[in-house]
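For the sequence shown, the working numbering assigns the number 1 to the initial residue and increments by one for each residue that follows. Every residue, glycine too, gets a C-beta built ideally from N, C-alpha and C. Structure, as structure tokens:
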Amino acid sequence: MRKTNVLALAALGTVLTMGLAACGGTAGGGGNTSPANNSSAGGDNASAAKYNDGYTKVVNPSDAKGGTLKFALTDEPDSADPGNTYYAWNWNFTRLYARPLMTYTAKPGPEGLKLVPDLAEAPGEVSADGKTWTYKLKKGIKYDDGTEVKAADVKYAIARSNFTAELTDGPKYFAQYLDAGDYKGPYKDKNLDDFKGIETPDDYTVVFKLKAPFSEFDFLVANPQSAPVPQAKDTGVDYEKAVASTGPYKFESYEVGKQLNLVRNENWDQATDTTRKQLPDRIEVQYKQNAEDIDNRLIAGQIQVDLGGTGLQPAGRAKVVSNPQLKDSTDNPFTPFNRYAMMSTKVAPFDNVECRKAVQYATDKVATQAPWGGPLGGDIGTTAMTPTTVGYKPFDLYPNGADHKGDLAKAKEALAACGHPDGFSTNIAVRGDRTKEVQVAEAMQASLDRVGIKLTIKKYPSGDWSAQYAGKPDFVHKNNLGIMIAGWGSDWPSGFGFLSQIVDGRAIKPSGNYNMMELDDKAINELLDKGVQTSDAAARNEIWAQVDQKVMESAAFMSFVYEKTLIFRPASLTNAYVHPAWGMYDYTWLGVKQ
1 MRKTNVLALA
11 ALGTVLTMGL
21 AACGGTAGGG
31 GNTSPANNSS
41 AGGDNASAAK
51 YNDGYTKVVN
61 PSDAKGGTLK
71 FALTDEPDSA
81 DPGNTYYAWN
91 WNFTRLYARP
101 LMTYTAKPGP
111 EGLKLVPDLA
121 EAPGEVSADG
131 KTWTYKLKKG
141 IKYDDGTEVK
151 AADVKYAIAR
161 SNFTAELTDG
171 PKYFAQYLDA
181 GDYKGPYKDK
191 NLDDFKGIET
201 PDDYTVVFKL
211 KAPFSEFDFL
221 VANPQSAPVP
231 QAKDTGVDYE
241 KAVASTGPYK
251 FESYEVGKQL
261 NLVRNENWDQ
271 ATDTTRKQLP
281 DRIEVQYKQN
291 AEDIDNRLIA
301 GQIQVDLGGT
311 GLQPAGRAKV
321 VSNPQLKDST
331 DNPFTPFNRY
341 AMMSTKVAPF
351 DNVECRKAVQ
361 YATDKVATQA
371 PWGGPLGGDI
381 GTTAMTPTTV
391 GYKPFDLYPN
401 GADHKGDLAK
411 AKEALAACGH
421 PDGFSTNIAV
431 RGDRTKEVQV
441 AEAMQASLDR
451 VGIKLTIKKY
461 PSGDWSAQYA
471 GKPDFVHKNN
481 LGIMIAGWGS
491 DWPSGFGFLS
501 QIVDGRAIKP
511 SGNYNMMELD
521 DKAINELLDK
531 GVQTSDAAAR
541 NEIWAQVDQK
551 VMESAAFMSF
561 VYEKTLIFRP
571 ASLTNAYVHP
581 AWGMYDYTWL
591 GVKQ
């Protein structure tokens with residue numbers, strides 16, 4: 001275990017052991033909750049900030065209002081709709097205009113992983129049988145048009161995000177765990193009373209009815225799908241163009257695939273919100289920008305944030321690391337992410353476990369670590385869960401040499417066992433706008449060629465990556481995508497929050513699928529159910545470790561690095577700190593100097 005993660009892991013274990021109600025706390029006195037070491041708010045300490053300061057404290061703290069905060073992204077979001085997105089950076093960003101029932105404390109370090117109420121007055125009250133969770137909404141929270149948020153809006157938001165065929169990009173936890181019968185969603189059945197999975201006995205009470213106990217439900221409602229949606233304003237897939245805002249900012253204009261502009265939401269009330277600020281006058285986002293150009297503009301101070309939060313590219317990293325002054329404007333945090341390859345168990349020859357093992361043994365993991373920045377970009381991975389995930393245990397089922405550069409003899413043995421002693425050909429899919437992923441694919445291409453496995457690299461846009469390409473099993477099968485390069489961070493900080501959507505066979509979807517292995521192992525599925533119904537935290541964590549072991553036994557998952565990023569903060573950026581729930585800056589706290 002890395003020493004830098006010992007405190008975080010201990011705190012995470014404490015959070016989950018205390019129980020959700022205890023770690024959630026109460027909303028507490030209105031106004032902002034101040035992160036650690038923020039005693040000099042309003043001061044100018046940018047020149048004093050050092051390398052990695054944003055990992056443990058707020059850099060350049062300030063309550064100054066005004067200006068335009070500028071973001072840039074290499075592609076576009078899967079959707080700006082909080083109910084239809086599954087990128088970690090977007091779950092972070094949508095908090096600027098969407099408030100779920102629960103959220104995370106606004107603090108760096110382990111404290112930031114504790115839950116606090118957002119729309120809700122308090123954490124959920126759970127029934128004795130663990131199958132009913134009840135939340136009371138704060139009164140007086142309004143949308144940007146001045147109308148009040150009601151319980152039915154939360155119910156409708158979950159009905160549309162989880163039970164419709166049209167919204168494919170977000171997770172479907174609620175559809176899997178709510179006791180909703182054969183409900184088909186509000187686009188087919190406009191009578192919301194027919195949705196029995198959630199009850200709203202009055203305008204401020206939301207009652208979730210579950211099929212079975214779900215011990216981590218407070219974490220689930222912290223995802224943006226519990227942000228309310230007024231039924232009358234829902235326009236289906238076009239809702240992303242004009243989201244009804246409950247956060248400090250609202251939509252001014254949105255050109256899909258080009259840019260998004262946010263302005264102050266005058267109906268947002270700081271007294272109801274303990275975790276956000278409202279500092280810039282405007283927030284501007286440019287999409288489909290070149291990755292290297294984003295780095296250059298960050299370093300020049302022309303923009304303030306790389307929205308994707310994945311860190312500097314190789315050229316920018318080299319420039320910054322070699323300059324002590326520039327390096328002091330960076331943070332190098334461990335993130336919740338594992339960067340990995342998935343092999344489709346439905347695409348030949350990877351329907352044979354021995355062919356999958358051949359890839360595991362033959363890959364030069366030093367070469368696949370290099371695009372992430374070598375050791376600066378993270379430790380070489382051997383498991384599905386990362387060391388920052390509660391329940392993690394270290395093991396390595398496929399040791400590929402003392403130097404991690406591949407065990408070619410073992411790879412050839414596996415090839416012979418799978419009936420391809422001379423190798424085979426397949427395609428490897430990457431997000432073409434992600435430079436690091438392309439370079440990882442090239443490194444794998446060179447590694448596997450040593451044992452006769454020939455890879456053809458296929459590049460697809462990240463905006464539709466899960467909806468149309470690697471996350472669409474029919475497309476994967478038709479295009480012989482044997483290997484897909486991906487990354488994953490916990491939906492919430494536990495083994496279940498990390499594993500369930502990428503390894504549970506019941507989470508496989510015709511589109512928007514993240515179990516790209518198409519792994520459907522009864523033992524894994526049953527362990528996931530057992531774990532999430534287990535109230536004892538220590539016993540639950542043992543189960544997550546067992547799931548990890550079984551996933552790796554399939555050989556369909558190959559970890560490259562437990563990720564660290566090198567993210568740059570220009571001197572014009574205020575209130576910058578790395579939020580541990582996202583592994584990037586807390587976008588709701590940022591301001592900009594005038």
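Residue from the options whose Cα sits closest to the Cα of residue i
i           : options            : result
residue 524 : 516, 511, 502      : 502
residue 513 : 544, 475, 129, 590 : 475
residue 571 : 326, 175, 542, 352 : 326
residue 477 : 117, 343, 273      : 343
residue 509 : 122, 163, 73, 54   : 163
residue 298 : 568, 240, 318, 210 : 568
residue 359 : 372, 408, 317, 403 : 408
residue 596 : 435, 379, 443, 350 : The first residue shown for the chain is 1 and the last is 594, placing residue 596 beyond what the model contains.
residue 167 : 258, 320, 212, 225 : 225
residue 487 : 471, 107, 337      : 337
residue 489 : 480, 175, 500, 463 : 500
residue 295 : 216, 287, 314      : 314
residue 101 : 579, 165, 272, 179 : 272
residue 511 : 333, 169, 381      : 169
residue 381 : 496, 366, 286      : 366
Beta-carbon separation (whole angstroms), residue i vs residue j, contact threshold 8 angstroms
i           : j           : result
residue 592 : residue 68  : 7 angstroms
residue 218 : residue 467 : 29 angstroms between Cβ atoms; not a contact.
residue 552 : residue 516 : Actually they are not in contact, since the Cβ atoms of residue 552 and residue 516 sit about 16 angstroms apart, beyond 8 angstroms.
residue 241 : residue 256 : 7 angstroms
residue 584 : residue 89  : 6 angstroms
residue 220 : residue 178 : Between residue 178 and residue 220 the Cβ distance is about 10 angstroms, and since that is not below 8 angstroms, they are no contact.
Segment limits, alpha helix (DSSP H) that includes residue i
i           : result
residue 295 : 291–300
residue 153 : 151–163
residue 207 : Where residue 207 is concerned, there is no enclosing alpha helix (DSSP H), although the beta strand (DSSP E) it sits in stretches over 205–209.
residue 544 : 537–553
Test item: CB-CB of residue i and residue j under 7 angstroms
i           : j           : result
residue 124 : residue 56  : no
residue 341 : residue 558 : yes
residue 149 : residue 158 : no
residue 199 : residue 345 : no
residue 156 : residue 231 : yes
residue 98  : residue 117 : no
residue 121 : residue 138 : yes
residue 555 : residue 393 : no
residue 206 : residue 154 : yes
residue 144 : residue 253 : no
residue 566 : residue 311 : yes
residue 195 : residue 133 : no
residue 386 : residue 562 : yes
residue 289 : residue 70  : no
residue 441 : residue 430 : yes
residue 575 : residue 331 : no
residue 216 : residue 463 : no
Limits of the unbroken beta strand (DSSP E) element including residue i
i           : result
residue 483 : 481–489
residue 430 : 425–431
residue 378 : 378–380
residue 408 : Run containing residue 408: none in the beta strand (DSSP E); it sits in the alpha helix (DSSP H), 408–417.
residue 341 : 334–343
residue 459 : 454–460
Environment of residue i [buried if 16+ CB atoms lie within 10 Å]
i           : result
residue 278 : buried
residue 548 : buried
residue 42  : A caution first: residue 42 carries a pLDDT of 33, below 50, which makes its placement in the model unreliable, though a value can still be read off. By the 10 Å Cβ count, residue 42 comes out exposed.
residue 329 : buried
residue 284 : buried
residue 395 : exposed
residue 455 : buried
residue 274 : buried
residue 421 : exposed
residue 586 : buried
residue 265 : buried
residue 535 : exposed
residue 171 : buried
residue 235 : exposed
residue 60  : buried
residue 27  : Note that residue 27 scores a pLDDT of 29, beneath 50, so its modelled location is shaky; the value from the coordinates is reported in the next line. Burial call: buried.
residue 35  : Confidence at residue 35 is low in this model, with a pLDDT of 40, below 50, so its placement is unreliable and no value can be given for it.
residue 38  : Model confidence at residue 38 stands at a pLDDT of 38, short of 50, so the residue's coordinates are unreliable; what they give is reported in the following sentence. Flag for residue 38 reads buried.
residue 258 : exposed
residue 270 : exposed
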